[in-house]
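Let me begin by presenting the structure, written as structure tokens, before commenting on it.
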Amino acid sequence: MCIPHGMAATTSNGFEKKERPKKHIERVSKEIFEKGDPNFVDERINKEEPQEEKKGFLASIFSSTH
């Protein structure tokens, strides 16, 4: 005799799904969306001065500094 899979688990395993607050992202105005945020600071820009290339050992020996 076959027993359906849904009938086998008659006891509760104690798992209760927690109620979580909904995530909400505030909608921006159309003007800011099209033109960009005037208060935006781009942190990706590296303002440090470029460093000089390091010469290898042989390059420092054989380089002509005349």
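Our numbering numbers the first residue of the sequence shown as 25 and each following residue consecutively.
Built from N, CA and C at the ideal position, the CB exists for glycine as well.
Fair warning: this is a prediction, and the values are worked out from it, not measured in the lab.
Give the range of the alpha helix (DSSP H) segment to which residue i is assigned.
i	result
Phe-81	81 to 86
Phe-57	54 to 59
Taking the alpha-carbon positions, what's the residue i to residue j distance?
i	j	result
Glu-43	Val-52	28 Å
Lys-79	Glu-72	21 Å
Asp-66	Phe-86	43 Å
Ser-84	Glu-76	14 Å
Gly-38	His-29	19 Å
His-61	Glu-40	For clarity, residue 61 is Asp in the given sequence; the question names His instead. Whole-angstrom Cα-Cα distance: 43 Å.
Lys-46	Cys-26	43 Å
Lys-54	Asn-63	16 Å
Chain B beta carbons: is any one of them nearer than 8 Å to that of residue i?
i	result
Ser-36	Chain labels in this structure do not include chain B; a single protein chain is all it has.
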